[in-house]
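**Q** Attaching a single structure in structure tokens format; questions to follow.
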Ligand SMILES: Nc1ncnc2c1ncn2[C@@H]1O[C@H](COP(=O)(O)OP(=O)(O)OP(=O)(O)O)[C@@H](O)[C@H]1O
Ligand SMILES: [Mg+2]
């Protein structure tokens, strides 16, 4: 009889699947759309001068293709951010923190090897939360901490801004909740009026 797969096996398979979907979309749909947009551009250049109506239609079609491409790129990045493969979780988190509009200190514990699915979720939490900090908090400082404790990855993102985060007003925090719940993790958010805002996420990653 075959042994039941361990949690680590399931997470590894899930991570491999995320990478495969990311690659398929990148090399397939994304590359295909780029080619479509390019051909539309060539057609517009060839016909545009003689047929202004056609030129307008082709321009609209090109703009449409480019919008879809931007959306697709965001989806692909959210599935498995390519920066994770390039720089690992620590490097990727440092990079988001560095391009945040608020001075952000990053504290990383000894993380060891983590399943790709856990890394992708942790990165997503940090990126979305720091984007919120930049957009809404008017904070002077932000903090990101990643530590691994007893088979759990704890991600904490805090800012000293105005507080009052309300997840009913958007889809970002809801997205964090759904993504973390899919990995049997937990999300805690405190954001009283006047601040601070603290988002803590626990992701189980033990075997
Ligand atoms: N760090 C924060 N400080 C103050 N307010 C916040 C903070 N984070 C979120 N908020 C408030 O909570 C709301 C919900 O955030 P959420 O990320 O769910 O949605 P959003 O950022 O508005 O939209 P989306 O993420 O879908 O682009 C925000 O609109 C904002 O008003
Ligand atoms: Mg948001």
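Residue numbers (my numbering): 9 to 215.
Using N, Cα and C, we set each Cβ at its ideal position, and we do this for glycine too.
Per DSSP, residue 207 is paired with what?
**A** For the purposes of this step, residue 207 is taken as residue 199 along the chain shown, with counting starting at 1. DSSP, once it has assigned bridges, lists 165 and 197 as partnering residue 207.
**Q** Near residue 166, which residues of its chain fall below 7 Å by C-beta distance, leaving aside the five closest residues on each side in sequence?
**A** Locating residue 166 in the chain shown gives position 158, counting from the first residue. 150, 151, 204, 205 and 206.
**Q** Got a sec, what are the start and stop residues for the beta strand (DSSP E) residue 150 sits in?
**A** The residue given as residue 150 occupies position 142 in the chain shown. First-last of the beta strand (DSSP E) with residue 150: 149-157.
**Q** Near ligand 2, which residues have their beta-carbon less than 7 Å from any of its heavy atoms, given in chain order?
**A** Having a Cβ closer than 7 Å to some heavy atom of ligand 2 are 136, 139, 140, 143, 178, 180 and 181.
**Q** Any heavy atom of ligand 1 within a distance shorter than 7 Å of the CB on residue 205?
**A** Stepping through the chain shown from its first residue, residue 205 is reached at position 197. At least one heavy atom of ligand 1 is nearer than 7 Å to the Cβ of residue 205, so yes.
**Q** Near residue 91, what residues of its chain come up, given a Cβ to Cβ distance below 7 Å and the 5 sequence neighbours on each side ignored?
**A** Your numbering for residue 91 matches position 83 in the chain shown. Within the same chain, residue 91 has close Cβ partners 100 and 103.
**Q** In the DSSP output, which residue or residues are listed as bridge partners for residue 3?
**A** Any answer about residue 3 is impossible in this case: the structure gives the chain only from 9 up to 215.
**Q** Excluding the 5 residues preceding and the 5 following residue 134 in the sequence, name in chain order all residues of the same chain whose CB lies nearer than 7 Å to its CB.
**A** Along the chain shown, one-based indexing puts residue 134 at 126. Contacts found: 101, 104, 152, 163 and 165.
**Q** Can you tell me whether residue 72 is buried or exposed? The criterion is at least 16 other CB atoms within 10 Å of its CB, across all chains shown.
**A** Looking up residue 72 in the chain shown gives position 64. Label assigned to residue 72: exposed.
**Q** Roughly how far, in whole angstroms, is the beta-carbon of residue 26 from the beta-carbon of residue 98, given that I think they are within contact range, below 8 Å?
**A** Numbered from its first residue, the chain shown carries residue 26 at position 18. Numbered from its first residue, the chain shown carries residue 98 at position 90. So it is not a contact: roughly 19 Å between Cβ atoms.
**Q** Shorter than 7 Å, the distance from the beta carbon of residue 173 to the closest heavy atom of ligand 1, or not?
**A** Mapped onto the chain shown, residue 173 falls at position 165. Residue 173: yes, Cβ under 7 Å from ligand 1.
**Q** Between residue 214 and residue 51, what straight-line distance do the alpha-carbon atoms span, to the nearest angstrom?
**A** The count along the chain shown starts at 1 and reaches residue 214 at position 206. The count along the chain shown starts at 1 and reaches residue 51 at position 43. Rounded to the nearest angstrom, the two C-alpha atoms are 55 Å apart.
**Q** Determine, using beta carbons only, whether residue 138 and residue 112 come nearer to each other than 8 Å.
**A** Here residue 138 corresponds to residue number 130 of the chain shown, with the count starting at 1. Here residue 112 corresponds to residue number 104 of the chain shown, with the count starting at 1. Yes, these two residues count as a Cβ contact at 8 Å.
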